[in-house]
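Structure record follows, encoded as structure tokens.
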DNA sequence: TAATATAGCTGACCTTCGGTCATTTACCAA
DNA sequence: TTGGTAAATGACCGAAGGTCAGCTATATTA
């Protein structure tokens with residue numbers, strides 16, 4: 243549908259300066275973001291992305307070495323979006339329960355987020371160059387650092403304890419994204435016993451209490 | 243290499259009885275297991291599996307509807323292997339720390355285990371029939387039930403508390419399998435800051451203390 | 001303004017993948 | 001010995017990620 247033309251009419255057909263190249267890469271990434279939300283991970287195809295971005299497939303490969311690199315770049319953006327949403331929610335003092343709830347809800351709010359995060363493993367291990375991997379790791383580390391800071395303030399914990407808390411909650415929420423197939427299985431009309439089994443792994447019923455136990459443990463100095 | 247012939251010379255070229263079909267399916271699955279450990283998830287190809295199993299590709303599809311179904315079947319087997327190893331380790335009374343350590347070590351002992359589990363999401367959501375999904379879910383539920391029982395005995399917790407504990411540890415260990423890219427990144431010779439970032443998510447340093455915090459919380463009645 | 005050089009862009013093409021199905025043939029029963 | 005049945009086969013298909021020789025938009029120069 244929308245044939246590019248994001249910012250202004252200032253985009254020439256060929257990106258010759260570094261700034262233009264950066265802008266074009268970002269434009270592709272914006273299209274990729276929207277397309278990903280529609281297609282999901284497995285169905286995300288480079289040919290279709292090219293079509294939607296209004297460029298030839300080969301052009302994509304001038305801006306991204308592989309499909310995985312596109313998804314990795316998407317991941318970096320999504321984590322920063324997560325951070326922003328989380329920090330907004332942190333405004334005002336929260337008790338531990340509200341904190342945990344916010345962490346959970348923020349992760350769930352953007353369906354694309356957990357979809358990408360839960361597949362990082364397959365993405366980064368294969369088919370991303372060392373350089374791009376390092377670059378994205380640094381970006382992720384920086385974003386996390388900001389999250390740690392905000393969390394420390396809200397939780398009134400020393401920085402290292404706050405970082406430990408966030409890392410633990412990240413483990414939990416990722417496990418949740420793997421095992422909790424609730425939403426995806428809803429529509430399959432499963433037998434009662436199978437449904438009960440799936441429900442016993444609903445992330446809400448596991449993430450929240452255990453996240454609280456972890457914070458309690460950290461507060462009490464293990 | 244080894245061209246089938248698992249049990250005896252009793253395998254005819256065509257599997258006509260139900261027992262023979264089951265045996266052939268299992269033989270393929272055994273080859274798949276070995277091949278998977280060599281190839282990893284992404285590189286696991288049906289054509290290569292057929293070659294190694296000594297059958298035509300079409301034959302695979304008489305025994306498995308899709309590639310994903312093969313991997314799902316593999317998962318069911320791997321979880322039961324995990325259970326066995328875990329239960330062996332549970333012999334004798336363990337304190338909470340040893341229990342957590344055993345859970346962790348057992349998960350790490352078989353590299354194929356976390357590789358498969360951490361991708362179940364992508365596997366089951368797409369491309370497995372409702373029937374096969376139900377079948378495997380039931381098998382997984384049964385295996386987990388046995389794990390719960392054993393854990394309840396070792397932890398001296400009521401069954402429901404033990405189940406809650408295992409589910410929480412499962413979340414943690416899965417999160418770990420996602421975020422802890424330590425081993426995979428070892429060989430990339432990363433810069434120090436990136437390496438430090440990766441190390442901060444090493445599953446050992448996060449899984450163990452937080453698993454203990456969770457158990458402590460459960461013991462104290464939340 | 002016209003000619004030239006540079007490099008961004010293109011899409012036909014390659015390989016490989018998961019999956020299908022008309023055909024072949026191993027096996028058993030009559 | 002001789003069908004009849006169905007397990008096994010592998011050529012084939014569409015779609016995927018990725019490549020690259022050639023095309024052309026643009027900046028530079030005269």
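Chains as they are written, first to last, in our numbering: chain F, 243 to 464; chain S, 243 to 464.
We put the beta carbon where it would ideally sit given N, CA and C, even for glycine.
Please read these numbers as outputs of a predicted model, since none were measured by experiment.
With 8 Å set as the bound, which would you pick, yes or no: does the beta-carbon of residue i sit closer than that to a beta-carbon of chain F?
i, result
"residue 443 of chain S", "yes"
"residue 349 of chain S", "no"
"residue 452 of chain S", "yes"
"residue 463 of chain S", "no"
"residue 459 of chain S", "yes"
"residue 250 of chain S", "Low local confidence applies: a pLDDT of 41 at residue 250 of chain S is under 50, so the model's placement there is unreliable, with the coordinate-based value given in what follows. No, residue 250 of chain S does not count as interfacial toward chain F."
"residue 253 of chain S", "no"
"residue 259 of chain S", "no"
Shorter than 8 Å from the beta carbon of residue i to some beta carbon of chain S?
i, result
"residue 380 of chain F", "yes"
"residue 325 of chain F", "no"
"residue 383 of chain F", "yes"
"residue 246 of chain F", "Summary for residue 246 of chain F: the model assigns pLDDT 36, below 50, so the residue's position carries little reliability; its value from the coordinates is reported in the next sentence. Chain S, which has no Cβ nearer than 8 Å to the Cβ of residue 246 of chain F, makes this no."
"residue 330 of chain F", "no"
"residue 243 of chain F", "Interpretation of residue 243 of chain F is limited by its pLDDT of 35, a score under 50 that renders its predicted location unreliable; no figure is taken from the coordinates."
At 8 Å on the CB atoms, spell out the chain S contacts of residue i, in chain order.
i, result
"residue 433 of chain F", "376"
Which chain F residues are close to residue i, counting only those with a beta carbon under 7 Å from its beta carbon?
i, result
"residue 340 of chain S", "Here the premise fails: no neighbours, minimum Cβ distance about 17 Å."
"residue 448 of chain S", "409, 410 and 413"
Residues of chain S with CB under 7 Å from residue i, in chain order?
i, result
"residue 456 of chain F", "452, 455 and 456"
Chain F partners of residue i, CB-CB under 9 Å?
i, result
"residue 439 of chain S", "379, 380, 382, 383 and 386"
"residue 430 of chain S", "372, 375 and 376"
"residue 436 of chain S", "375, 376, 379, 380 and 383"
According to the neighbour-count rule (16 or more other Cβ atoms, all chains shown, within 10 Å of its Cβ), is residue i buried or exposed?
i, result
"residue 420 of chain S", "buried"
"residue 287 of chain F", "exposed"
"residue 430 of chain S", "exposed"
"residue 331 of chain F", "buried"
"residue 440 of chain F", "buried"
"residue 298 of chain F", "exposed"
"residue 266 of chain S", "buried"
"residue 405 of chain F", "buried"
"residue 464 of chain S", "exposed"
"residue 310 of chain F", "buried"
"residue 261 of chain F", "exposed"
"residue 455 of chain F", "buried"
"residue 295 of chain S", "buried"
"residue 259 of chain S", "exposed"
"residue 280 of chain F", "exposed"
"residue 349 of chain S", "buried"
"residue 453 of chain S", "buried"
"residue 319 of chain F", "buried"
"residue 462 of chain F", "exposed"
"residue 269 of chain F", "buried"
"residue 371 of chain S", "exposed"
"residue 422 of chain F", "buried"
So does residue i have its beta carbon nearer than 7 Å to some heavy atom of the ligand SAM?
i, result
"residue 389 of chain F", "The model on display carries no ligand, and the ligand SAM is accordingly not part of it."
Output, in sequence order along the chain, the residues in the stretch 283 to 301 of chain F whose CB is closer than 9 Å to any CB in chain S.
Look at the stretch 283 to 301 of chain F: the residues with a C-beta under 9 Å from a C-beta of chain S are 283, 284 and 285.
Pairs of beta-carbons, one from the stretch 252 to 259 of chain S and one from the stretch 340 to 360 of chain F, closer than 8 Å: are there three or more?
Segments in contact, no.
Output needed in chain order: residues of the stretch 409 to 422 of chain S with a Cβ under 8 Å from some Cβ in chain F.
The residues in question are 409, 410, 412, 413, 414, 415, 416, 417, 418, 419, 420 and 421.
Could you list the residues in the stretch 361 to 372 of chain F with a C-beta less than 9 Å from some C-beta on chain S, going in chain order?
For the stretch 361 to 372 of chain F, which is checked against every Cβ of chain S, the residues closer than 9 Å are 361, 362, 363, 364, 366, 367, 368, 369 and 372.
Cβ contact check for the stretch 377 to 388 of chain F and the stretch 435 to 447 of chain F: 3 or more pairs under 8 Å
No, because fewer than three Cβ pairs between the stretch 377 to 388 of chain F and the stretch 435 to 447 of chain F fall closer than 8 Å, the two stretches do not touch.
Three or more C-beta pairs under 8 Å: does that hold for the stretch 344 to 362 of chain F against the stretch 296 to 305 of chain F?
Output reads no: the stretch 296 to 305 of chain F does not touch the stretch 344 to 362 of chain F.
For the stretch 351 to 362 of chain F against the stretch 404 to 421 of chain F, are there 3 or more C-beta pairs whose distance is under 8 Å?
As far as the Cβ criterion goes, the stretch 351 to 362 of chain F touches the stretch 404 to 421 of chain F, which means the pair count is three or higher.
Using 8 Å as the cut-off, can you tell me whether the stretch 319 to 327 of chain F makes contact with the stretch 387 to 401 of chain S, which would need three or more C-beta pairs spanning the two stretches below that distance?
Under the 8 Å Cβ criterion, the stretch 319 to 327 of chain F does not count as touching the stretch 387 to 401 of chain S, having fewer than three qualifying pairs.
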